[in-house]
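Counting along the sequence shown from 1, when you hit position 6 you're at 845 in my numbering, and nothing is skipped either side.
All C-beta atoms, glycine included, are put in the ideal place defined by N, C-alpha and C.
Everything on this sheet refers to the single structure shown next.
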Amino acid sequence: MLKKVMTLICFCCYLCFMQIGFAQDIIKQETPQKQTLKVAILPTLSSSQRYPDVNQLLYNNLTQEMHVPLNDTLQAVEYIDENSIYAAIKQSNFTYNQNLDTLKDTADLLDADVVVGYTIPTMYQHYYHSISRLDGSPLLNSYISVNLWVYYRPLNKTFKISDRRQYFDEISTWGMLTELAKDASSNLNKKAELKSLLKQSIKIKKGEL
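Here it is, written out as structure tokens:
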């Protein structure tokens, strides 16, 4: 009799363990895994190599815009390394004059959730001497056109927005290409709402939205 009771108890314990294991499997299947958002910041691609300081300025502005405070602790975003990005844009043939399909191809190659980058189709900075100016002082003629490429997989958003700046007047720091580029990038970042889209994408990736 005692043997039968012990056998029954063991069988009941076995069933309990099986049910617990099954429940744990169900929870694992139903609970979405929290993942880190993979972000790629493309190098600034330009039609001219004469102004590397402008390219670097735009890249730095974009990097700052996509910065996540305390990310080392939160681990909310993984920034894809530069070598991988250069290899991907070379393979996808992403240049200063591209389209949104190429941007998506680049994202797929990087397995990136977010891809952002500037391209500069046109920029120049020239100095002129005009005989109409009595003092003989030179004039500054500067121009830049900037495209901001944006891809957010979690939000299903892909777009390109553009801006341009021109200066033609007496020589001034305000008319230099770096200042025009800074002004254009500030306007584009605000118009694209990059920070807001980044926050939303992080929440989606974490399963909070």
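Apart from the 5 residues on each side of it in sequence, Arg1004 sits with its Cβ closer than 7 Å to the Cβ of Ile983, Leu1019, Asp1022 and Ala1023 in its chain, given in chain order. At a Cβ-Cβ threshold of 7 Å, Tyr957 and Leu897 count as neighbours. Between the region 924-932 and the region 944-964, the count of Cβ pairs shorter than 8 Å is three or higher; the stretches touch. The distance from the Cβ of Lys999 to that of Leu1036 is about 14 Å, inconsistent with a contact at the 8 Å cut-off. Burial state of Asp952 is buried, judged by a 10 Å Cβ sphere holding 16 or more other Cβ atoms.
Assigned with DSSP and collapsed to three states, Gly1014 falls in helix.
Across the structure, Met905 and Asn936 are spaced so that their CA atoms are roughly 23 Å apart.
Linking Lys1044 to Leu1016 through their CA atoms gives a straight-line distance of about 38 Å. By the 16-neighbour rule on beta-carbons within 10 angstroms, Ile924 is buried.
Taking all protein chains shown into account, Trp988 has 16 or more neighbouring C-beta atoms within 10 Å of its C-beta and is therefore buried. Between Pro960 and Ser886, the beta carbon gap of about 6 Å places them in contact (Cβ cut-off 8 Å). Counting every other CB atom within 10 Å of its CB across the protein chains shown gives Thr912 a total below 16, marking it as exposed.
For Gln1005, DSSP records a beta bridge to Tyr982.
If you keep only unbroken beta strand (DSSP E) runs of at least 3 residues inside the region 908-981, you get 916-918 and 953-968.
Here the alpha carbons of Thr883 and Glu1047 stand approximately 33 Å from one another. According to the DSSP assignment, Leu876 belongs to the beta strand (DSSP E) that extends over Leu876 to Ile880. Counting of Cβ neighbours within 10 angstroms places Gln964 among the buried residues, the total reaching 16 or more. In the same chain as Ser1025, and ignoring 5 residues on each side of it, the C-beta atoms closer than 8 Å to its own belong to Asn900, in chain order. When Pro977, Tyr966, Glu921 and Gln895 are compared, the shortest CA-CA separation from Ala879 is found for Glu921. Sequence-distant Cβ neighbours of Tyr966 in its own chain, meaning closer than 8 Å and more than five residues away, are Pro977, Leu978, Leu979, Asn980 and Ile1010. Rounded to whole angstroms, the gap between the alpha carbons of Thr1012 and Gln874 is 45 Å.
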